[in-house]
Every structure is written in C-alpha cells, then in structure tokens.
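Enquirer:
Number of protein chains: 2
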Amino acid sequence: MNREQNYTLLCDFYELTMGNGYLLSGMGDRVSYFDVFFRTVPDGGGFAIAAGLAQVIDYIEHLHFDEEDIAFLRSKGVFSEEFLDYLRTFHFTGDIYAVPEGTPIFPREPILTVRAPAIEAQFVETFLLLSLNHQSLIATKANRIVRAAQGRAVSEFGSRRAQGADGAVEGARAAYIAGCAGSACTLSDQRYGVPAGGTMAHSWVQMFDDEYTAFRTYCEIYPHSATLLVDTYNVLSSGVPNAIRAFKEVLLPQGITQCAIRIDSGDITYLSKKARRMLDDAGLTDCKIVASNSLDETIIRDILLQGARVDSFGVGERLITSKSDPVFGGVYKLSAVEDRDGNIIPKIKISENAAKITNPHFKKVYRLFDRETGKAEADLICVHDETVDDTKPLTIFDPDYTWKKKTLHNFTAKELLVPIFQGGRRVYDCPPVEEIRAYCAEQVERLWDEVKRFENPHNYYVDLSQKLWDIKHDLLQQKG
Amino acid sequence: MNREQNYTLLCDFYELTMGNGYLLSGMGDRVSYFDVFFRTVPDGGGFAIAAGLAQVIDYIEHLHFDEEDIAFLRSKGVFSEEFLDYLRTFHFTGDIYAVPEGTPIFPREPILTVRAPAIEAQFVETFLLLSLNHQSLIATKANRIVRAAQGRAVSEFGSRRAQGADGAVEGARAAYIAGCAGSACTLSDQRYGVPAGGTMAHSWVQMFDDEYTAFRTYCEIYPHSATLLVDTYNVLSSGVPNAIRAFKEVLLPQGITQCAIRIDSGDITYLSKKARRMLDDAGLTDCKIVASNSLDETIIRDILLQGARVDSFGVGERLITSKSDPVFGGVYKLSAVEDRDGNIIPKIKISENAAKITNPHFKKVYRLFDRETGKAEADLICVHDETVDDTKPLTIFDPDYTWKKKTLHNFTAKELLVPIFQGGRRVYDCPPVEEIRAYCAEQVERLWDEVKRFENPHNYYVDLSQKLWDIKHDLLQQKG
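Protein chains in written order, with the working numbering: chain A, 233 to 712; chain B, 233 to 712.
1. What's the gap between the Cα of V482/B and the Cα of A475/B?
2. Would you list, in chain order, the members of the stretch 489-513 of chain B that have their beta-carbon closer than 8 Å to a beta-carbon of chain A?
3. Are P558/A and P558/B closer than 8 Å when you measure CB to CB?
4. Where does C672/B fall in DSSP's three states?
5. Going by CA-CA distance only, name the one from G655/B, L696/B and E674/B that's closest to H323/B.
6. Using 8 Å for Cβ pairs, my map puts M439/A next to V569/B. What's the rounded Cβ distance?
7. Please name the residues in the stretch 256-283 of chain B whose beta-carbon is closer than 8 Å to at least one beta-carbon of chain A, in chain order.
8. Look up S435/A in the DSSP assignment and give the residues it is bridged to.
9. Measuring CA to CA, which of R477/B, L537/B, A478/B and A416/B is closest to K505/B?
10. List, in order along the chain, the chain A residues whose C-beta lies closer than 7 Å to that of F297/B?
11. Could you compute how far the alpha carbon of F594/A sits from the alpha carbon of L600/A?
12. Applying the criterion that 16 or more other CB atoms from any shown protein chain within 10 Å of the CB defines a buried residue, is Y424/B buried or exposed?
13. At the 8 Å Cβ level, is P558/B part of the contact set with chain A, yes or no?
14. Looking at the structure shown, is G326/B part of a helix, part of a strand, or coil, going by DSSP?
15. On the DSSP bridge list, what partners appear for F601/B?
16. When DSSP builds the beta bridges, which residues end up paired with F447/B?
17. What does H434/B touch in chain A if you count any residue whose Cβ is under 8 Å from its own?
18. Taking 8 Å as the CB-CB cut-off, is E402/B touching chain A?
19. With 9 Å as the C-beta to C-beta threshold (strictly closer), list the residues of the stretch 360-384 of chain B near chain A in chain order.
20. Tell whether a beta-carbon distance below 8 Å holds between S544/B and R384/B.
21. Measuring CA to CA, which of F338/A, P342/A, Y318/A and F653/A is closest to D327/A?
22. Once DSSP output is grouped into helix, strand and coil, what is the label at I521/A?
23. Alpha carbon to alpha carbon, what distance is there between L241/B and H296/A?
24. Rounded C-beta distance between L612/B and D695/B? I'm assuming under 8 Å.
25. Quick check: is the beta carbon of C417/A nearer than 8 Å to any beta carbon in chain B?
26. Under the three-state reduction of DSSP, which class applies to T345/B: helix, strand or coil?
27. Under the rule that 16 or more other beta-carbon atoms within 10 Å means buried, what is Y254/B, buried or exposed?
28. According to the Cβ coordinates, are P342/A and V683/A closer than 8 Å?
29. Among A492/A, Q382/A, F355/A and N591/A, which one has its Cα closest to the Cα of G411/A?
30. Spell out a yes or no on whether the stretch 465-479 of chain A and the stretch 439-449 of chain A are touching, meaning 3 or more CB-CB pairs, one atom from each, closer than 8 Å.
31. By how many angstroms is the C-alpha of I495/B removed from the C-alpha of G539/B?
32. Can you pull the DSSP bridge partners for Q654/A?
33. Along the chain, where does the beta strand (DSSP E) containing Y265/A start, and where does it finish?
34. Kindly list the residues whose CB is nearer than 8 Å to the CB of G561/A, restricted to its own chain and excluding five residues on each side of it in sequence; keep chain order.
35. Under 8 Å between the Cβ atoms of I493/B and I521/B?
36. At which residue ranges does the stretch 608-635 of chain A contain complete beta strand (DSSP E) runs of 3 or more residues, listed in the order of the chain?
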C-alpha cells in the first residue's frame, strides 16, 4: 500500500448500502463493537503471526471521501443525498484495540476490536480484514519456512508470482517480520526497510558469449557480493567449474574469500553435496551455497534431513502466495452495541456449526505465561471490565468441554490487545520492522515446541472467563 | 494499481545489479529480446485467459527514477555513479508486443515480447510478470467458475481475503474480464468500471432487535434492490419466513415483485430447494435465490447437478486467490540479442528438464481457425519474418514427437501478438473492460469443448514452424 494512496473506496459495496440504511433509520451513530478473529490456522499449524496493522493504521488515518468519490457514489443511484452529504465530513472517530504485529495469535480470540458509531465501524470492515488477513497469512507461512531452515537465512524472492503489487511489497514486509533475512523486492526496502538483495538471472549468463566470461565480469564489478548462478547450462560440468575459475582468478588475488554460488534447478541435495566438495577441493571453503526453486518448509526440511549442503535459501512463489493454503480466514463480527445510556448490549451470531458461533461482548484477552519457564500456557478471553490477578492461582476451563480444567499457580498475565486509536486519534506508534521482527522471534520462542510442530500441533488453550462464558450461554438460550 | 503510483522500484534487486553490470561492461544498449510465457495451466485446465496488460502499459508509461529513488539506491553502496546518473533519464525506449487481454493462451507460446536495450529489457521483468501472472491467474480461475455456473450470474465477493489491495482491485477487474457479472469491490467499479453491488451483512440483521424489523427496514429503504441475507439465525425457520413477510408487506403493495434472498451457510442444495418452495407457495415466484460461502467451480457444478435452485452465485476467497492453485507461473526469458549490425542472434536456455528448454529467437504466433466451424485448431510459433499463407494447406507437426503431423486445409491464420509499444511510444489503446469481457467470451466460444473440460482436457496444439524448430535444434546441438 502506498502511504499517499486513498483506499477509502476499497470497501465492499454493502458497507455503503448498510451505512446509508443505518443513517436513514436513525442508527448511524449507535455505538457498535466489532471483533476481527480467525477460526483455523493455515497449513494445520498450531499458531499464526499477526501482521498488517501498520497498513490498517495508515488506512484509518487517511479515511475520507473526495468530491469525485461522492459523485461516483451518487451515480450508482441508490444513496440518499443525506448520506452523500454525511460522507463529505466522514472520518473515523472511534476506538481501535489490536494485538501488536509479530505476536503469535490463536483461533477464536479477538486480534482487533473496533468501537465506533455503526456506520464507521461497519465501513472499515473490508480493508481491515484484507490487510490483516494478507499479512498474517504471509507472516505465518514465512515463519514456518524460517523455522524449517534451522538458522540458515531465508530470503523472500517471490515478487513476480505475487498476487498484485501489494502482494509483493507488503508480502515482503510480512515475511521479514516473521523472520526472513530480506527480500528481492527493492520497493519493500525503500518503503519499509526490508533489506533488499540479489545478484543475477540466467539472462546475465546468456547475455555473454560464454558462462566463464559472464562470471568473471560479475566478480570484477561486484567482488564483495558475487553470488554466481550456476545452472544456466549444467551445474556440475559447467557452472561450478566456471565459478571456481572466476573466484580464483578475480577474488582470491584480492584476498577475498567470501563468495557464493546459487543453484536454481535440479536435485538440490545431490547438487549441493557435489558442489560443496568441488568448492572445498578448490580451497574455496568460505564459498556459500544458496538454493532456490519452488521451495517451502516441507522441501527445506526434507533436503536438510538428507544432508544437503545449503547455507541459505531463496524462497519464491510458495511463500509469497502461501501456496499450500493461500487464504487467512479472518472475519469481522458484531459483538455488542451500546444503548443511549452507554450500557453495552452483547450480540451473538448463531450458527448450526458450533465453531461459527461468535463470542459476544466487548472483550479483552490475557496471555498467561509461566513465571519459571517463560512459556505461554494459555490465553484467556474476558469481558472488558474483568481483571486477572496473577498473584493468585487461576483455574481455567475448556469452553466446550467444561469439565476440562487447569489451574495456573505461578504465572504472569499480559494483555494482548493494546489501544491503537482513541476517539479517532492514533495513540500507538508502529515500531520499525526490525523491532517487530525481533519481538516476533522472541514471542515465538515463548511457545512450547508442541505448539510449533508442523503436523498435529498441540492445541493451545484459548479459554473464556466464567463471566464471559455465562453471558454467551445466556444469549444462546435466548436465541437458540 | 493506482494510476498515479510510481512502481519503478517494484523490481527485483538483481535487475539493478545486472543493469549496473551491463552498463559498466559496455552492454547496456545491446538490443535484447525477452519473452513472457508459462508452462502449465492452473488447476490442470486446458487453457488460460490473458489479463494484466493494461497495468503493464501504465507501468511502462510511468517508468522513471525520482531523485529520492536514486538517493536510496546510492545508499545501498553497490551501484556506480555512472549507473545512478544513467537512471536519472531512464525511460523505456523499446518495443513491446503482446496478446490482447481476454485472449485464451496456452503453455510455451510467447504472450508478451520485449525488444529493448539490455538494461531496459531486463529491468521491467518483475512488474511485467507480476501483473500478467496475477491477473491471468484470476481470469483463468474466474472463467472456470463462470462456466460451471452455466449461465447464472457469478459475482466476485473476495476483497477481504485477497492478498493485498491490488489483489482485490485488479483481481476484481480480471474476474470481470473473464465473465463475472460484477464485484463487491467499490474501488474496482470507480477505477475500472467493474459493476459493484451488495446489500447487507449479518451485522445489519444483528443491529436490529429482531430479524423481521431488519428486513422490513431494508425493503423500505431499497425497494428495488432488496436482497435479504436469511442465515443470521436459521434459514428455514426464521430467515425465509421473515423475508417473505417483509416482501409481502413492503414490496408487493408497491407492485414490486423483483427481490432476492441470499443463503451464506449450510447445505445450499437442500436449503435452496426448500426456500424455493416456500417462496413459490407465498406467490413470490420472481424472488431470486443467491448462494455464497466458499464456492468454486467444483462445488457449483456439484450443487447444480443435485438440482439446487440457485439463480446466482457470490464467490469469494476461492476465486480472488485462486485457492486451489494460487500461482500462475509465467517466466521472462532472453530469446535473442542483436549484434552491432542489427543481426538477430538467437539465445537458448538449456535445462535437463526438457520442458524448461526455451524457444529461441524473435518470434510471432499465429492462431489457426477452421473456416467452417470457426473453432481454433492450433497455434503456430514462427520466426518473426515468416508469414503463414492461409490460402494453401499447411502441415504442422508436434515439436517433441515430430512424426505426429496434421494438415490444415480450410483455415484462417490470425496473429496473436499485437504491437503495444514501438520505440518507447504506446501504439495500442486498451479497450474498456466491458469490451475485453465480450471479446473474451467470444474467444472462449471458439475453443473446442474438449479443450474446455475441467479434468483431462484435450491438449491444444502449440507447434513450432519448421524454420524455428531447425534453429532451436541447431542451438541444442551446439550447447548440449
């Protein structure tokens, strides 16, 4: 997203028809609460990574209708002049609470809550979901891939296969937050400070009369960052020998031993082992091997298990689209309204599918950490006016199988949602991406290994307080 | 993409390091030819739909480096001052040929060709691929879904699950080109003229004290476009009866019989049949039924086979991300360079995987239509200076199994690639989206049903001319 871009009209049309309807039926300024939450973790994982809040903040701050927007809406022939006039001064006047970017998040808990007059709260639905869904999807996938690489650097290479320009630029941002070392995307570096890098395509090699001259020329121009792509013709019979020759003739005489080759096709495990031996035999023990070509967490884990000699990975389409599961299903649901006296009236959405029943009311979420291990033990969703006292033992229970209980003794409780906007004014500064990245790594470290498993992870507890559980079940009795 | 947006730095960093390298080694102005082509159709389909060219044109026309871009690149510490100075006046001076949007396209044939000085031709790689890959992906998926709906309208509803803002806005454009009736995305209407529509979310129903009042209020405000969402509480026991009551009390007295209900959860087939009978029994035979909720071509085909009474579909996440296959694998490969005398020297990229060997040389593509049926029979890739004479019989042959031959007798040959830029000047006007949409429908109609099958489609012939085949095999002999 461009910071100068006005994305006000990036809304579903029904947000406007409903807005007009709320205004005409006198409900436009009725204070309403909406939660963003999701129901399942992509790829069957045990947790997701929150991302995309910075773009939400930017969107909210720039929310307004230009005269040309209003003229366009008038041309649709369905809106009242009263509503179009109202839009002239439309801006966001409400409160937003959200989980900071980089935080591990779990199904069913609010990751963002809006409290605002009905028209405003309804209107922002699409962009909020779009930004949080997209970047949380990519951050969650990138974190899996980074963990599979076991400390080896993973670079994001997928711009050309991204689903649109923002898919590339904000996708690279989300990947970096989740632990990637950098990106090929230059704009993501300029805009967000995601370190951009890259050296050569096959076309560089083809452009010269022969592979050796292509490599030698590159080493002469970039002696300190020569990563030579060795698979334009044949990796072992041509690429690696020509790279060795270029390194030895251009770099070693300058005392430079840091260099690299990149393998972008074929059997990475086999080729990397062979190439490693050839490089070592030539004395180029500092030369790194980079692998790319349709990688993801499964393939990386596999080739490392088989002993591939790869020092870092370039990951493209399968990261930037989260190819194996390309949808993050965040939803935006009404949880409460206020009456004229400011009393909060909880609202529920029923479904025959129990998993789709919403948690009513204005809520807060605590993450409970064990004091001894520092590990996250459970999240507890409470009504907004509850406080968890972490100086006393706390018994929590499964919201579906209520006889399943657990008592926490030595824990600290940390609130997950922090104020982002109050009365329309931003009260939160987004940290720079490096800080978010460090915070993300630290928070993922505080999850048990069982939650971080790729397959069949342990179900992290997301429980309801007794008070919230009672309110929910009273509403179910009334409506059911 | 925003028309005022400068996407120049939406490039892979290696395009800049190579550009600097070409300049410093005296190859910057060497005329080069690059092709965009793809290798497999998503979802195992028989053809894809080309889209995304309009955004490529816009990108090329706005290509330039601001002083802040140059300062940013200088800060990376790897570029020569000569190159940074060159970028100050950088713009596109070459030629581009491309397949018009909405055209059915097939693996291995060029869908866009760039002829330009090496630095320029190399530089545009990422954005060209990104735009063509993204929109062709969505257009191809949307066309499958539209065909599955057998004439029923399909609306694109997926903005909230799109991979970024452009994923939503340009995705809606691509979906419309491929046959969708419209989109929920308001910005795509304003920007491209994709008809936007939508009525209410569950929150509208929840915001009122009861479902009937919510429906009645909506009908009063929008008597001519009332589509009531009937699954907030229970479709058959609450939603449909309340909708019938609201239609009868508000619309019928005004003589309005056009209205609709939308079912967004549960068993669409069962619920739509029951709802249809309830509506008919109430005399609301003109009331339409809209279905949504995680639909795609497979589910739509299935529920129609089972006799669902659905008049139109809203399709979200599975369309806007092409969920079942979310990557369109277009690549950008060097095919030739010119020597100082302007002679074209064909270039090839070898691979141990035969499918990854490129077609060398500056090429053109003919689509051969049977004069009698009007159906497309084959595409023929030729060298740029060849001409197909469609007044005489033509024998074509499979490029891999060359004994497989076919002789066309009564055919017309149409060139697929048209000039878009010449000498840096745009020579092509993009048609409005409605025209592209009509052209797409007409061209898909000219494919045999066997090619349009969802599973195991017939392999459409994409053959090489004898001259091109000979050139390719000579190069393979030299390099192999």
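Note that CB positions come from ideal geometry on N, CA and C, so glycine has one too.
Expert: Checking against the coordinates, here is how it stands:
1. Reading the second sequence from its first residue, position 250 is the one you call residue 482/B. Reading the second sequence from its first residue, position 243 is the one you call residue 475/B. One C-alpha to the other measures close to 10 Å.
2. S497 and G498
3. The sequence position of residue 558/A within the first sequence is 326, counting from 1. The sequence position of residue 558/B within the second sequence is 326, counting from 1. Yes, the Cβ-Cβ distance between P558/A and P558/B is below 8 Å.
4. Residue 672/B sits at position 440 when you count from the first residue of the second sequence. C672/B falls in the helix class under three-state DSSP.
5. Your numbering for residue 323/B matches position 91 in the second sequence. With distances taken between Cα atoms, H323/B lies closest to G655/B.
6. Counted from its first residue, the first sequence places residue 439/A at position 207. Counted from its first residue, the second sequence places residue 569/B at position 337. Their Cβ separation, rounded to whole angstroms, is 7 Å, which keeps M439/A and V569/B in contact under 8 Å.
7. L256, S257, M259, R262, S264 and F266
8. Counting from one through the first sequence, the residue named residue 435/A turns up at place 203. In DSSP, S435/A forms no bridge with anything.
9. Here the question's residue 505/B lines up with position 273 in the second sequence. Ranking R477/B, L537/B, A478/B and A416/B by Cα distance to K505/B puts L537/B first.
10. Here residue 297/B is taken as the residue at index 65 of the second sequence, counted from 1. In chain order: nothing, as chain A lies at least about 11 Å away.
11. Numbered from its first residue, the first sequence carries residue 594/A at position 362. Numbered from its first residue, the first sequence carries residue 600/A at position 368. Those two C-alpha atoms are separated by around 20 Å.
12. Against the second sequence, residue 424/B aligns to sequence position 192. By the 10 Å Cβ count, Y424/B comes out buried.
13. On the second sequence, residue 558/B is found 326 positions in, with the first residue counted as 1. Yes, P558/B counts as interfacial toward chain A.
14. In the second sequence, residue 326/B corresponds to position 94, counting from 1. DSSP places G326/B in coil when its eight states are reduced to three.
15. Counting from one through the second sequence, the residue named residue 601/B turns up at place 369. A608/B and T644/B, per the DSSP bridge assignment.
16. Residue mapping note: residue 447/B aligns to position 215 of the second sequence, counting from 1. Answer is none; F447/B lacks a bridge partner.
17. Here residue 434/B refers to the residue found at position 202 when the second sequence is read from its first residue. Near H434/B (Cβ distances below 8 Å), the residues of chain A are K565, L566 and K581.
18. If you number the second sequence from 1, residue 402/B lands on position 170. Yes, E402/B counts as interfacial toward chain A.
19. L360, L361, L362, S363, N365, H366, Q367, L369 and I370
20. On the second sequence, residue 544/B is found 312 positions in, with the first residue counted as 1. On the second sequence, residue 384/B is found 152 positions in, with the first residue counted as 1. Yes, the Cβ-Cβ distance between S544/B and R384/B is below 8 Å.
21. Position 95 of the first sequence, counted from the first residue, corresponds to residue 327/A. Comparing Cα positions, the closest option is F653/A.
22. By 1-based counting over the first sequence, the position of residue 521/A is 289. Three-state DSSP puts I521/A in a strand.
23. Within the first sequence, numbered from 1, the residue matching residue 296/A stands at position 64. Within the second sequence, numbered from 1, the residue matching residue 241/B stands at position 9. Roughly 28 Å between the two C-alpha positions.
24. As a first step, residue 612/B is located in the second sequence; it is residue number 380 there, counting from the start. As a first step, residue 695/B is located in the second sequence; it is residue number 463 there, counting from the start. Sure, about 5 Å apart at Cβ, within 8 Å.
25. Position 185 of the first sequence, counting from 1, holds the residue named residue 417/A. Chain B contact via Cβ: present.
26. Sequence index remark: in the second sequence, residue 345/B carries index 113 (1-based). Here T345/B sits in strand by DSSP.
27. One-based indexing of the second sequence puts residue 254/B at position 22. Answer is buried; the Cβ neighbour count reaches 16.
28. For the purposes of this step, residue 342/A is taken as the residue at position 110 of the first sequence. For the purposes of this step, residue 683/A is taken as the residue at position 451 of the first sequence. For P342/A and V683/A, no; Cβs fall outside 8 Å.
29. Taking the first sequence and counting its residues from 1, one reaches residue 411/A at position 179. G411/A has its Cα closest to that of Q382/A, out of A492/A, Q382/A, F355/A and N591/A.
30. yes
31. For the purposes of this step, residue 539/B is taken as residue 307 along the second sequence, with counting starting at 1. For the purposes of this step, residue 495/B is taken as residue 263 along the second sequence, with counting starting at 1. C-alpha separation (whole angstroms): 16 Å.
32. By 1-based counting over the first sequence, the position of residue 654/A is 422. Answer is R657/A.
33. Here the question's residue 265/A lines up with position 33 in the first sequence. It spans V263 to F269 - the beta strand (DSSP E) in which Y265/A sits, taken as one unbroken run.
34. In the first sequence, the residue the question calls residue 561/A occupies position 329. Excluding residues within five positions, the ones whose Cβ falls inside 8 Å are F270, R271, T272 and N365.
35. Here residue 493/B refers to the residue found at position 261 when the second sequence is read from its first residue. Here residue 521/B refers to the residue found at position 289 when the second sequence is read from its first residue. Cβ atoms of I493/B and I521/B: closer than 8 Å.
36. 608-615 and 626-629
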